[in-house]
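Enquirer:
Number of protein chains: 2
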Amino acid sequence: MAAPVLSHVKCADCPIRHRAVCARCNADELDELDTVKYYRSYEAGQPIVWSGDQMDFVGSVVSGVATLTQTMEDGRTQMVGLLLPSDFVGRPGRDAAAYNVVATNTVMMCCFRKKPFEELMARTPHIAHRLLEMTLDELDAAREWMLVLGRKTAREKIASLLSIIARRDASLNNGPLGRVEFELPLTREAMADYLGLTLETVSRQVSALKKDGLIALEGKRHIIVPDMSRLMDEAGDDSDGGYLV
Amino acid sequence: MAAPVLSHVKCADCPIRHRAVCARCNADELDELDTVKYYRSYEAGQPIVWSGDQMDFVGSVVSGVATLTQTMEDGRTQMVGLLLPSDFVGRPGRDAAAYNVVATNTVMMCCFRKKPFEELMARTPHIAHRLLEMTLDELDAAREWMLVLGRKTAREKIASLLSIIARRDASLNNGPLGRVEFELPLTREAMADYLGLTLETVSRQVSALKKDGLIALEGKRHIIVPDMSRLMDEAGDDSDGGYLV
DNA sequence: AATTCCAATTGATCTGGGTCAATGACCTGG
DNA sequence: CCAGGTCATTGACCCAGATCAATTGGAATT
Numbered sequence: 001m002a003a004p005v006l007s008h009v010k011c012a013d014c015p016i017r018h019r020a021v022c023a024r025c026n027a028d029e030l031d032e033l034d035t036v037k038y039y040r041s042y043e044a045g046q047p048i049v050w051s052g053d054q055m056d057f058v059g060s061v062v063s064g065v066a067t068l069t070q071t072m073e074d075g076r077t078q079m080v081g082l083l084l085p086s087d088f089v090g091r092p093g094r095d096a097a098a099y100n101v102v103a104t105n106t107v108m109m110c111c112f113r114k115k116p117f118e119e120l121m122a123r124t125p126h127i128a129h130r131l132l133e134m135t136l137d138e139l140d141a142a143r144e145w146m147l148v149l150g151r152k153t154a155r156e157k158i159a160s161l162l163s164i165i166a167r168r169d170a171s172l173n174n175g176p177l178g179r180v181e182f183e184l185p186l187t188r189e190a191m192a193d194y195l196g197l198t199l200e201t202v203s204r205q206v207s208a209l210k211k212d213g214l215i216a217l218e219g220k221r222h223i224i225v226p227d228m229s230r231l232m233d234e235a236g237d238d239s240d241g242g243y244l245v
Numbered sequence: 246m247a248a249p250v251l252s253h254v255k256c257a258d259c260p261i262r263h264r265a266v267c268a269r270c271n272a273d274e275l276d277e278l279d280t281v282k283y284y285r286s287y288e289a290g291q292p293i294v295w296s297g298d299q300m301d302f303v304g305s306v307v308s309g310v311a312t313l314t315q316t317m318e319d320g321r322t323q324m325v326g327l328l329l330p331s332d333f334v335g336r337p338g339r340d341a342a343a344y345n346v347v348a349t350n351t352v353m354m355c356c357f358r359k360k361p362f363e364e365l366m367a368r369t370p371h372i373a374h375r376l377l378e379m380t381l382d383e384l385d386a387a388r389e390w391m392l393v394l395g396r397k398t399a400r401e402k403i404a405s406l407l408s409i410i411a412r413r414d415a416s417l418n419n420g421p422l423g424r425v426e427f428e429l430p431l432t433r434e435a436m437a438d439y440l441g442l443t444l445e446t447v448s449r450q451v452s453a454l455k456k457d458g459l460i461a462l463e464g465k466r467h468i469i470v471p472d473m474s475r476l477m478d479e480a481g482d483d484s485d486g487g488y489l490v
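Chains A and B supply the protein sequences, listed in that same order. The numbering of the first sequence is our numbering, which starts it at 1 and goes up by one. The numbering of the second sequence is our numbering, which starts it at 246 and goes up by one.
#1: Which residues in chain A have a C-beta closer than 9 Å to the C-beta of Met300 of chain B? List them in chain order.
#2: Output the distance between the C-alpha atoms of Val107 of chain A and Pro471 of chain B, rounded to the nearest integer angstrom.
#3: Among the residues of its own chain, which have a CB less than 7 Å from the CB of Arg466 of chain B, if the five just before and after it don't count?
#4: Would a C-beta distance cut-off of 9 Å place Thr312 of chain B and Leu328 of chain B closer than the cut-off?
#5: Would a check of beta-carbon distances place Pro47 of chain A closer than 9 Å to chain B?
#6: Taking Cβ positions only, does Asp95 of chain A come closer than 9 Å to chain B?
#7: In angstroms, rounded to a whole number, what distance separates the CA positions of Trp295 of chain B and Asn345 of chain B?
#8: May I ask you to list the residues that DSSP assigns as paired with Glu181 of chain A?
#9: Suppose the cutoff is 7 Å on Cβ atoms and the five residues either side in sequence are ignored; what does the same chain contact list for Pro361 of chain B look like?
#10: Quick check on DSSP: helix, strand or coil for Thr125 of chain A?
#11: What in chain A is Cβ-close to Gln323 of chain B, meaning under 7 Å?
#12: Closer than 9 Å, CB to CB, is Asp319 of chain B near chain A or not?
#13: Quick check on Leu328 of chain B: does DSSP put it in helix, strand or coil?
#14: From the DSSP output, in three-state form, read off Val148 of chain A for me.
#15: Assuming Gly236 of chain A contacts Met391 of chain B (C-beta within less than 8 Å), just tell me the rounded distance between them.
#16: According to DSSP, is Glu278 of chain A part of a helix, a strand, or is it coil?
#17: State the DSSP-derived secondary structure class of Ile48 of chain A, mapped to helix, strand or coil.
#18: Less than 6 Å between C-beta atoms, sequence neighbours within five positions excluded: which residues of the same chain meet that for Ala192 of chain A?
#19: Spell out whether any CB of chain B is found under 9 Å from the CB atom of Gly196 of chain A.
#20: Report buried or exposed for Ala341 of chain B, applying the criterion of at least 16 other Cβ atoms within 10 angstroms of its Cβ.
#21: In whole angstroms, give me the CA-to-CA distance for Asp74 of chain A and Asp56 of chain A.
#22: Which residues in chain B have a C-beta closer than 8 Å to the C-beta of Gln70 of chain A? List them in chain order.
#23: Any chance the segment 85-95 of chain A sits against the segment 143-157 of chain A, with 3 or more Cβ pairs inside 8 Å?
#24: Quick one: using the 10 Å Cβ neighbour count with 16 as the cut-off for buried, is Gly464 of chain B buried or exposed?
#25: With a cut-off of 9 Å, does the C-beta of Pro125 of chain A fall near any C-beta of chain B?
#26: Indicate the three-state DSSP secondary structure (helix, strand or coil) for Leu217 of chain A in the structure shown.
#27: Would you say Leu231 of chain A faces chain B, with C-beta separation under 9 Å as the test?
#28: Leaving out five residues before and five after Met121 of chain A in sequence, what residues of the same chain have Cβ atoms less than 8 Å from its Cβ?
#29: Closest Cβ-Cβ distance between His374 of chain B and chain A: below 9 Å?
#30: For Glu138 of chain A, go through chain B and note every residue whose CB falls closer than 8 Å to its CB, in chain order.
#31: Round the Cβ separation of Asp87 of chain A and Ser63 of chain A to the nearest angstrom and send it over; I've been treating them as touching at under 8 Å.
#32: List the residues of chain B that Arg91 of chain A touches, going by C-beta distances under 8 Å, in chain order.
#33: Measuring alpha carbon to alpha carbon, tell me which of B:Ser452, B:Asp385, B:Ala343 ends up nearest Ala404 of chain B.
#34: The beta strand (DSSP E) that contains Leu68 of chain A, what's its start and end?
#35: Can you name, in chain order, every residue of its own chain whose Cβ lies under 8 Å from the Cβ of Met473 of chain B, other than the five neighbours on each side?
#36: Starting from the Cα of Gly52 of chain A, find the closest Cα among A:Arg113, A:Gly90, A:Leu209 and give me that residue.
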């Protein structure tokens, strides 16, 4: 059950380049990070950390998708973040996790032991600075999502979610807008938890968007967006943004 | 109409002690902050910054209450944060404001010109560190609010808002829980914008809480909570937290 | 004291999305 | 090939909260 520790890959050779943390590191710092770094993988459905747990590492998602959720005693749950490749997990200076982090498919994490990472951070201003920038991005994403949760209709919510994932996906592959195609990394239930809806409503609205030609499905999870700008209109989105936690 | 620049008060003599920024500064840093600092006041309803504007300062709220809101083209608006005394405004490293900041009553801000503040920050690791901590607090608050917006009923939403304000207020004045009494700094409409409801629903639910003896009103805005723990139960709140952006 | 405001309350009605329940569409393992 | 499981779709009905509209209650103005 326990996830395997993988290997000690040099930071410079890391599959992702740590956009997050050390994109601007010089060689010495990279070497130093390498000494406290390890890889770890999690299977679909496996918890990465549980709310309240001691968290002894920070790190980046290398591949796969994980969710950040909050739960009430009666079981109502709300997703508060979605972790895609290159996203950062963990909060330097905090010991206990505030949320449940769960892998939705096979997730590979590149982790740093927390203590040495914090020490490094204290000595290396630009890492602290980069971390502040990342946290501000997350804060913007969270606040943008507050607008979605508080004021958008079910249809707009779905369109917003699809836009955000498509845009994020597209920025890695193709260039501009137009036609986008991607694999949905979430079940209908996970989508519902992100959007503050029920899974039935999600299903109905996805069907409606399909009927209206705004999206096409291949199987249950493969989404084709013929025209991104039309979908973004549907989302009622002014923001050109496109953060995603 | 333009807000008056007030005076150059020594940071050490500041009405609030900048819990935010320089609580741990030594004398030299305090002096340095003083050279780039000024006070400014805003009247009720006056915008402090407008989304997209160039923002040439950062600062703390000294007194009064301001709101942080986001608006869609069709006018739907969502409050994404509430700024109470000692809260920090502005984002080092970003030039444009992302939200509208509006004073709800007379607000006094203690401002630092942004450029010198950033330079100071670059030279002073613990200020950067403190800022990261504050941003993480805000992120937690935003995510807690996502649960409120996405999954709570109207009654729970009102109870959550009142709890959060009461708790924040109480932490300044009295000590523990029990009976709390405070002035509501928001109109019903502002409450609705915070909670993703209409003002009519807010009004009805406030009346319902009053009828059920969970709160008492004196006038429209003065709230008496006879028993905080009962109100918090009503909010369905597991978190002992009590952040508020 | 009469007249405007404007915030807030309250009532009547409507509806988007929740709830409950049945069905379909794939998988995977025996 | 079928049995059982998971995920998704679809239908029928209901209700919390939105919408539309009228009224109240202060505080400020004349």
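By construction, the Cβ of each residue, glycine as well, lies at the ideal position given by its N, Cα and C atoms. All figures in this text were calculated on a predicted structure; none of them were measured in a lab.
Expert: In short, the structure shows the following:
#1: Here residue 300 of chain B corresponds to residue number 55 of the second sequence, with the count starting at 1. The contacting residues do not exist; Met300 of chain B stays about 13 Å from chain A at best.
#2: Locating residue 107 of chain A in the first sequence gives position 107, counting from the first residue. Locating residue 471 of chain B in the second sequence gives position 226, counting from the first residue. Each residue's alpha carbon lies about 49 Å from the other.
#3: Your numbering for residue 466 of chain B matches position 221 in the second sequence. Around Arg466 of chain B: Glu428, Leu429.
#4: Residue numbering aside, residue 312 of chain B sits at position 67 when the second sequence is read from its first letter. Residue numbering aside, residue 328 of chain B sits at position 83 when the second sequence is read from its first letter. Yes, the Cβ-Cβ distance between Thr312 of chain B and Leu328 of chain B is below 9 Å.
#5: If you number the first sequence from 1, residue 47 of chain A lands on position 47. So, not an interface residue.
#6: Translated into the one-based positions of the first sequence, residue 95 of chain A becomes position 95. Not an interface residue.
#7: By 1-based counting over the second sequence, the position of residue 295 of chain B is 50. By 1-based counting over the second sequence, the position of residue 345 of chain B is 100. So the alpha carbons of these two residues sit roughly 4 Å apart.
#8: Reading the first sequence from its first residue, position 181 is the one you call residue 181 of chain A. BP columns for Glu181 of chain A point to A:Ile224.
#9: As a position in the second sequence, residue 361 of chain B is number 116, starting the count at 1. Within the same chain, Pro361 of chain B has close Cβ partners Val281.
#10: Here residue 125 of chain A is taken as the residue at index 125 of the first sequence, counted from 1. Reading the sequence as shown, one finds Pro at residue 125 of chain A and not Thr. The answer is helix: DSSP assigns Pro125 of chain A an H, G or I state.
#11: On the second sequence, residue 323 of chain B is found 78 positions in, with the first residue counted as 1. Those are Met146, Leu147, Gly150, Arg151, listed as they occur along chain A.
#12: As a working note, residue 319 of chain B is residue 74 in the second sequence. True, the Cβ-Cβ gap to chain A drops below 9 Å.
#13: Locating residue 328 of chain B in the second sequence gives position 83, counting from the first residue. Residue state, collapsed to three classes: strand.
#14: The sequence position of residue 148 of chain A within the first sequence is 148, counting from 1. Helix at Val148 of chain A.
#15: Taking the first sequence and counting its residues from 1, one reaches residue 236 of chain A at position 236. Taking the second sequence and counting its residues from 1, one reaches residue 391 of chain B at position 146. The Cβ separation is near 19 Å, so there is no contact.
#16: Absent from the structure is residue 278 of chain A, since the part of chain A shown begins at 1 and ends at 245.
#17: In the first sequence, counting from the first residue as 1, residue 48 of chain A sits at position 48. Strand.
#18: Within the first sequence, numbered from 1, the residue matching residue 192 of chain A stands at position 192. Cβ within range, chain order: Thr198, Leu199, Val202.
#19: Residue numbering aside, residue 196 of chain A sits at position 196 when the first sequence is read from its first letter. Gly196 of chain A counts as touching chain B.
#20: As a working mapping, residue 341 of chain B is identified with position 96 in the second sequence. Flag for Ala341 of chain B reads exposed.
#21: Counted from its first residue, the first sequence places residue 74 of chain A at position 74. Counted from its first residue, the first sequence places residue 56 of chain A at position 56. In a straight line, the C-alpha of Asp74 of chain A is about 29 Å away from that of Asp56 of chain A.
#22: As a first step, residue 70 of chain A is located in the first sequence; it is residue number 70 there, counting from the start. Those are Arg388, Glu389, Met391, Leu392, listed as they occur along chain B.
#23: no
#24: Taking the second sequence and counting its residues from 1, the one referred to as residue 464 of chain B is at position 219. Looking at its Cβ environment, which holds fewer than 16 other Cβ atoms inside 10 Å, Gly464 of chain B is exposed.
#25: Looking up residue 125 of chain A in the first sequence gives position 125. So, interface residue.
#26: Start at 1 with the first residue of the first sequence, and residue 217 of chain A comes out as number 217. Residue state, collapsed to three classes: strand.
#27: For the purposes of this step, residue 231 of chain A is taken as the residue at position 231 of the first sequence. Closer than 9 Å: no.
#28: Counting from 1 along the first sequence, the entry for residue 121 of chain A is found at position 121. Counting only Cβ-Cβ distances below 8 Å, and skipping sequence neighbours, we find Pro92, Ile127, Ala128, Leu131.
#29: Counted from its first residue, the second sequence places residue 374 of chain B at position 129. Taking 9 Å as the threshold, the shortest C-beta distance from His374 of chain B to chain A falls below it.
#30: Reading the first sequence from its first residue, position 138 is the one you call residue 138 of chain A. Those are Leu384, listed as they occur along chain B.
#31: Counting from one through the first sequence, the residue named residue 87 of chain A turns up at place 87. Counting from one through the first sequence, the residue named residue 63 of chain A turns up at place 63. The pair is not a contact, with the Cβ atoms about 11 Å apart (cut-off 8 Å).
#32: As a first step, residue 91 of chain A is located in the first sequence; it is residue number 91 there, counting from the start. What Arg91 of chain A touches in chain B: Leu381.
#33: Residue 404 of chain B sits at position 159 when you count from the first residue of the second sequence. With distances taken between Cα atoms, Ala404 of chain B lies closest to B:Ser452.
#34: Here residue 68 of chain A is taken as the residue at index 68 of the first sequence, counted from 1. In the DSSP annotation of this structure, the continuous segment of the beta strand (DSSP E) that includes Leu68 of chain A starts and ends at 66-71.
#35: What you label residue 473 of chain B is simply residue 228 of the second sequence in a count that begins at 1. The residues are Ser408, Ala411, Arg412, Ala415, Leu422, Gly423, Arg424, Val425.
#36: In the first sequence, the residue the question calls residue 52 of chain A occupies position 52. Here the closest residue by C-alpha is A:Gly90.
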